[in-house]
Amino acid sequence: MITVAQKPKARTQQPATATRPAAASTAPTRTPASLLAAFISMGDSLEVSANTWAQAGGHRDAARLLLTAKADIEHFAERTTHAQDMAGDFALDIAALIKAARRTPGPAAPAEAAKLLDEAMTDLAWIADMPVAELMEDAAPSAAQQQDQEERLKLARGANYQIERLAQTLILLADQLDADAQPVFHGMAARIAQLSGIVYFAGQLHGEDPATVGTPPQRDLQSAFEGGLRCG
Numbered sequence: 001m002i003t004v005a006q007k008p009k010a011r012t013q014q015p016a017t018a019t020r021p022a023a024a025s026t027a028p029t030r031t032p033a034s035l036l037a038a039f040i041s042m043g044d045s046l047e048v049s050a051n052t053w054a055q056a057g058g059h060r061d062a063a064r065l066l067l068t069a070k071a072d073i074e075h076f077a078e079r080t081t082h083a084q085d086m087a088g089d090f091a092l093d094i095a096a097l098i099k100a101a102r103r104t105p106g107p108a109a110p111a112e113a114a115k116l117l118d119e120a121m122t123d124l125a126w127i128a129d130m131p132v133a134e135l136m137e138d139a140a141p142s143a144a145q146q147q148d149q150e151e152r153l154k155l156a157r158g159a160n161y162q163i164e165r166l167a168q169t170l171i172l173l174a175d176q177l178d179a180d181a182q183p184v185f186h187g188m189a190a191r192i193a194q195l196s197g198i199v200y201f202a203g204q205l206h207g208e209d210p211a212t213v214g215t216p217p218q219r220d221l222q223s224a225f226e227g228g229l230r231c232g
């Protein structure tokens, strides 16, 4: 299989302490100023969450999505008008980015980042004037779902490893056959090993970002799969 590249180092920036916007947690009245203050403070929290999660080994797409949300907030803050209905729609956009980040593969957000993201979702619900539970629906898999996913990946890796071993054993057995039969069995073993590699990369059983482990492009995996059995 392709040699695994070294995992990129996380950003060295130390996470700062982000202060939750008082507007969302205490002020009952939504004004353009209080909504803007909530968004700006939230952007700082998202940056802290992105850096903390990256340093904990999280999927790089999670950090990218959170930093994209922060950049969108900065662009929103530069506008001259911030109508309340516009703020509500924008809050839903930011919530969608946060939920997408929390659904990326790999380790879940560490405690500090998870707390900040939960608070951000609470503030976004306040801005959008909707229940927090409704906004957070499907925001992240439950602990039971995460455990189930990890167990399934572990099982898939174990099965894939045994498939490789069976291919190696088939080659050893083929060497004991007469010369005419050997090419057929060697071809079967080679195809089994090839399929094992396709499953390994197509299913991302390596558990890392595809870009860091040299995963072949999907078109190459598809081509290998459609290549069929070659004997001899």
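Start counting the sequence shown at 1; every next residue gets the next number (the UniProt record's numbering).
Every residue gets a Cβ at the ideal spot worked out from N, C-alpha and C, and that includes glycine.
Is the beta carbon of residue i sitting closer than 8 Å to the one on residue j?
{"i": "L65", "j": "A95", "result": "no"}
{"i": "G57", "j": "P131", "result": "no"}
{"i": "E112", "j": "S45", "result": "no"}
{"i": "A156", "j": "I192", "result": "no"}
{"i": "A54", "j": "T104", "result": "no"}
Return the residue from the list the options that minimises the CA-CA distance to residue i.
{"i": "residue 236", "options": "D123, M188, L153, L170", "result": "Because the chain is modelled from 1 through 232, residue 236 falls outside the range shown and cannot be assessed."}
{"i": "M188", "options": "L97, L173, G158", "result": "L173"}
{"i": "M121", "options": "S41, P183, F225, T31", "result": "S41"}
{"i": "T169", "options": "A190, A128, V199", "result": "A190"}
{"i": "D89", "options": "T52, K115, V184, I73", "result": "I73"}
{"i": "A128", "options": "A114, Q147, A91", "result": "A91"}
Around the Cβ of residue i, are there at least 16 other Cβ atoms within 10 angstroms (buried) or fewer (exposed)?
{"i": "R60", "result": "buried"}
{"i": "E134", "result": "exposed"}
{"i": "S196", "result": "buried"}
{"i": "S223", "result": "exposed"}
{"i": "F225", "result": "exposed"}
{"i": "E47", "result": "buried"}
{"i": "T31", "result": "exposed"}
Tell me which same chain residues have a C-beta within less than 7 Å of the C-beta of residue i, skipping the five on either side of it?
{"i": "P21", "result": "In this predicted model, P21 has a pLDDT of only 46, less than 50, meaning its place in the structure is not dependable enough to derive any value."}
{"i": "D220", "result": "none"}
Sorted by chain position, which residues of the same chain lie with C-beta nearer than 8 Å to residue i's C-beta, five sequence neighbours on each side aside?
{"i": "T68", "result": "L97"}
Can you round the beta-carbon distance between residue i and residue j to whole angstroms, since I take them to be within the 8 Å contact cut?
{"i": "S49", "j": "A109", "result": "7 Å"}
From the beta carbon of residue i, is the nearest beta carbon of chain D less than 8 Å away?
{"i": "A167", "result": "The structure shown contains no chain D; it is built from a single protein chain."}
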